[in-house]
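>
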Amino acid sequence: MDGNERERAFLHDTAACFRFVKSTTAACKLGSGFPSYLEPTRELLKYIKELSLSTQDFLANFPSQIPGEPTQFRSKRELLWLIRETWTSLHVYVKPAVDADTLNVPTELVRLLTQRVHLIEKCESLEFAVIHTDKLNYFQFPPGDFEQNASNLGEIVSAQAKFPPNLGIIALPHSQVQHLFMNGLLAHEIGHFVFSKLDCLDRIKASLSEGLRVAFAPPSDVGLDAKTRLQLPEVLQDWAEELFCDLFGVHLLGPSFVLASIELFDLANLWAVNGGLDEKAGKSHFKFHSTHPARLFRLWRQTALLETLGWWNQIYENGSHYIRIMDACRHLRQGSFVFEEIGTQMGSRVLDAFHRAIETIENEVATVTTNLRDGNGLAKEIQEFSKLKDIISRYLCHAVVPSTLCIDKEFRNPSAIVLLNAAHFFYLSGIEDLIKNSEHSTIDDIRKRDIWMERVENWTTKGLEDLTMSNELGV
Amino acid sequence: MRGVAPESSSRFLSMALASRKLMKHLELFASTGQMSDPMIEALRDLYTTMDPGRQTSNSFAPIPGQSPFGRYEQAMVINEVADPSHSRDVRKKLACIVDGTIQCTDKDEVVRDLTEFLYDLENRALHKYSEQSNERGW
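Heads up: the protein sequence lines correspond to chains A and B, in order. Letter by letter, the first sequence follows residues 104 to 578 of the working numbering. Letter by letter, the second sequence follows residues 108 to 245 of the working numbering.
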């Protein structure tokens with residue numbers, strides 16, 4: 104390839120990359136009318152657009168001084184590939200963020216979650232851009248997936264815009280936007296962001312390493328190859344973070360978070376006819392996987408935390424089968440679970456290592472969330488829940504939005520957490536009463552149930568909106 | 108509930124970007140002698156990852172944290188690229204910058220060799236990323 108040919112090829116490839124980058128962000132249009140975005144999502148879209156423009160500026164000047172020396176030429180040409188691959192990865196975020204306007208995200212729930220997070224020390228300025236995903240799952244995009252890659256690209260192309268340091272990106276399934284209660288799982292995803300921002304791993308990792316050291320003390324380490332020694336710390340790190348986020352979700356939202364977990368994983372499938380756990384139906388839920396702890400382990404620890412926090416005494420008499428599942432989980436033990444991916448015997452030692460670190464992880468979550476409980480915040484919430492849950496249920500049962508309650512001839516607003524939890528329990532165990540109250544349909548009509556379940560979620564959302572408005576107006 | 112496969116492949120993209128950024132820092136270091144904290148931290152991460160003891164030791168690897176170089180899969184690639192039999196002796200060169208013992212007369216050569224290593228690392232990481240992002244259809 105002579106100099107001219109090399110230069111022409113380089114110019115073409117740069118222009119092609121330029122066009123690619125320009126087109127990936129063409130959908131980021133931030134006008135003043137519709138669609139409207141929550142501020143963090145608007146901030147995310149603005150950042151993506153600015154990064155795109157900086158990349159385009161960089162590429163516009165890129166072909167100057169095309170090196171003739173082979174190593175330098177290769178390096179310069181590869182930068183085009185790197186830019187293209189990075190924008191291929193960022194492209195994934197653009198449409199889901201554009202689609203997540205205020206009509207297509209659970210705005211009130213996001214506001215509630217953000218308000219709760221702001222109570223936590225050093226989290227007062229965290230914000231969350233909630234975007235869509237086409238997967239039926241909830242995600243927090245780890246810093247490496249967006250923030251780090253976008254920031255690194257920004258530095259390479261000398262972008263002026265910096266990624267907002269307190270902005271977390273969270274995705275929820277686009278089809279589930281209206282499912283208020285299940286969207287409580289966003290609390291887990293927020294936990295990932297808090298875990299990273301507060302460097303929680305730094306305070307946990309010593310106990311993970313120590314757990315491995317003790318569980319695999321000679322001669323227990325016979326047969327442990329070098330590759331496994333290198334990989335196991337990652338496995339424990341991932342489990343620790345998942346457990347942290349689950350417990351964080353419980354601290355943030357109370358029992359509603361646990362109920363949402365049961366629904367997402369359909370753990371109610373494990374409810375045996377005798378009222379216990381059907382171990383045959385739930386076999387795979389006892390298994391740890393290299394990226395996630397076993398589902399029943401997670402439910403076990405979440406339920407244990409509800410007990411520690413004082414919620415359990417207020418909810419265990421609820422007639423929902425979800426409570427029966429949680430109750431059955433309370434009898435699980437460390438030995439109930441397996442990790443088979445590296446052999447049963449070796450796996451049990453890994454679980455032993457992890458169990459040795461659980462207390463440290465649970466203490467870390469408790470420390471991080473101290474402010475949610477301080478000043479008797481939690482005790483007041485639980486007491487309020489105890490007092491208002493039946494009243495909120497009665498309101499819902501008569502199709503009344505339970506944001507302003509008349510108690511002893513006085514009007515009062517429940518707190519948002521109490522409203523959410525009480526309504527969630529009504530959703531699970533009160534729909535039949537609502538149907539009986541509301542029309543002459545039978546409770547076994549699934550289509551009718553669907554309608555009434557949706558209405559309970561809508562009324563609860565409206566209740567949360569009312570509470571936000573009351574707070575903003577200082578009422 | 109993080110998606111496992113996308114995160115795994117994106118770590119290679121993170122590594123490629125981190126390598127390129129480090130090349131940029133080294134270029135600045137070569138021309139001005141200026142060393143930034145992120146550059147030292149990244150060089151130290153690489154140095155630690157390339158510890159030959161990690162491959163043979165009877166102890167566990169450290170908890171990897173968020174480093175783009177620290178995970179098992181990434182560490183394997185780094186060690187493949189920085190083959191210890193290779194004349195560049197990358198680890199020694201990383202060490203002399205990190206501990207500040209680099210001599211002015213050696214600076215250009217050290218930076219050139221490390222840049223070449225980082226280019227290779229970026230290249231390998233991009234190939235890995237492309238291979239693992241197999242949702243593209245072809």
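Note that the Cβ used here is the ideal one computed from N, Cα and C, for glycine as well. None of the values given here were measured: they were computed from a predicted structure.
So, does the CB of A:P336 fall closer than 9 Å to a CB anywhere in chain B?
It does: the Cβ of A:P336 has a partner Cβ on chain B nearer than 9 Å.
> Say whether the region 546-564 of chain A touches the region 379-393 of chain A, bearing in mind that this needs 3 or more beta-carbon pairs closer than 8 Å, one atom from each stretch.
Short answer: they don't touch.
> What does A:L182 reach in chain B if we use C-beta pairs closer than 7 Å?
Correct list: R127.
> Could you say which of A:G357, A:Q448, A:W414, A:E420 lies nearest to A:V325 if we only look at CA atoms?
Here the closest residue by C-alpha is A:Q448.
> Answer with buried or exposed for A:P209, where buried requires no fewer than 16 other C-beta atoms within 10 angstroms of its C-beta.
So A:P209 counts as buried.
> Excluding sequence positions up to five away, which residues of its chain have a Cβ less than 6 Å from the Cβ of A:L522?
Once the five neighbours on either side are set aside, the close Cβ partners of A:L522 are G566.
> How would you write the range of the beta strand (DSSP E) that A:A232 sits in, first residue to last?
Where A:A232 is concerned, the enclosing beta strand (DSSP E) stretches over 230-236.
> Applying the criterion that 16 or more other CB atoms from any shown protein chain within 10 Å of the CB defines a buried residue, is A:V352 buried or exposed?
Sequence check: residue 352 of chain A is Gly here, not Val. It is buried - the Cβ of A:G352 has at least 16 other Cβ atoms within 10 Å.
> At the level of alpha carbons, what is the spacing between A:S254 and A:W184?
Going by the C-alpha atoms only, they are around 17 Å apart.
> Below 8 Å CB to CB, which residues in the same chain sit around B:S117 once its five sequence neighbours on both sides are set aside?
Counting only Cβ-Cβ distances below 8 Å, and skipping sequence neighbours, we find Y236.
> Can you give the Cα-Cα distance for A:E366 and A:N516, rounded to whole angstroms?
Taking the straight line joining both Cα atoms gives about 28 Å.
> Based on Cα-Cα distance, which residue from A:H235, A:F266, A:L327 lies nearest to B:F167?
The residue with the shortest Cα to Cα distance from B:F167 is A:L327.
> Could you name each continuous alpha helix (DSSP H) segment of 4 residues or more that falls completely within the region 469-509 of chain A, going from the start of the chain to the end?
With a minimum length of 4 residues, the continuous alpha helix (DSSP H) runs that stay inside the region 469-509 of chain A are 473-476, 480-500.
> Quick one: what's A:G374 bridged to in DSSP?
Checking the sequence, you will find Trp at residue 374 of chain A rather than Gly. In DSSP, A:W374 forms a bridge with A:L380.
> Taking just the CA atoms, how far does A:L499 sit from A:K539?
If you take the alpha carbons of A:K539 and A:L499, they lie about 13 Å apart.
> Can you find the residues in the same chain that come closer than 6 Å, C-beta to C-beta, to A:S489, ignoring five residues on each side of it along the sequence?
If we look at A:S489 and ignore the five residues flanking it on each side, its Cβ neighbours are Q417.
> Which residues in the same chain as A:R459 place their Cβ atom closer than 8 Å to its Cβ, once the five residues preceding and following it in sequence are excluded?
So the list reads S310, E313, G314, V317, A318, once near-sequence residues are dropped.
> Please list, in chain order, the residues of the region 253-268 of chain A that have any C-beta partner in chain B closer than 8 Å.
Those would be N255, L256, E258, I259, in chain order.
> Rounded to whole angstroms, what is the Cα-Cα separation between A:L133 and A:L141?
When rounded, the distance between both Cα atoms is 12 Å.
> Answer yes or no: does any C-beta atom of chain B fall closer than 9 Å to that of A:S192?
Yes, A:S192 counts as interfacial toward chain B.
> Does DSSP put B:S194 in a helix, a strand or coil?
Per-residue confidence for B:S194 stands at a pLDDT of 48, beneath the threshold of 50, marking its modelled position as unreliable; no derived number is given.
> For A:I273, which of helix, strand or coil comes out of DSSP?
Residue state, collapsed to three classes: strand.
> Taking only three categories from DSSP, how would you classify A:V441?
DSSP places A:V441 in strand when its eight states are reduced to three.
> Closer than 7 Å by beta-carbon distance: list the chain A residues that pair up with B:L298, in chain order.
The structure shown does not extend to residue 298 of chain B, since chain B spans only 108 to 245, so no value can be given for it.
> Examine the Cβ distances between the region 348-364 of chain A and the region 397-405 of chain A and report whether three or more of them are shorter than 8 Å.
Judged by Cβ distances under 8 Å, the region 348-364 of chain A makes contact with the region 397-405 of chain A, as three or more pairs qualify.
> What does B:L233 touch in chain A if you count any residue whose Cβ is under 8 Å from its own?
E181, W184, L185, E188, listed in chain order.
> Run through chain A and tell me which residues come within less than 8 Å of B:E148, C-beta to C-beta.
Correct list: empty, because the minimum Cβ distance to chain A is about 13 Å.
> Leaving out five residues before and five after A:C120 in sequence, what residues of the same chain have Cβ atoms less than 7 Å from its Cβ?
Here the set comprises L162, L183, I186, R187.
> Shortest alpha-carbon distance to A:D105 belongs to which of A:E172, A:E568, A:E292?
Checked all of A:E172, A:E568, A:E292; the closest Cα to A:D105 is A:E172.
> I'd like to check one pair, A:P267 with A:H235: are the Cβ atoms closer than 9 Å?
For A:H235 and A:P267, no; Cβs fall outside 9 Å.
> Assuming the contact rule is C-beta atoms closer than 8 Å, A:K300 and A:L216 should be a hit. Round their C-beta distance to whole Å, please.
Rounded, the Cβ-Cβ distance is 15 Å, inconsistent with contact.
> Under the three-state reduction of DSSP, which class applies to B:E148: helix, strand or coil?
In the structure shown, B:E148 sits in a helix (DSSP, three-state: H, G or I).
> Taking the DSSP output, what are the residues bridged to A:R306?
DSSP lists no partner for A:R306.
> Look up A:R515 in the DSSP assignment and say whether it is helix, strand or coil.
Reduced to three states, the DSSP call for A:R515 is strand.
> For B:R178, which residues in chain A fall below 7 Å Cβ to Cβ?
What B:R178 touches in chain A: E337.
> Any idea if A:V220 is buried or exposed, counting beta-carbon neighbours within 10 angstroms, 16 or more meaning buried?
By the 10 Å Cβ count, A:V220 comes out buried.
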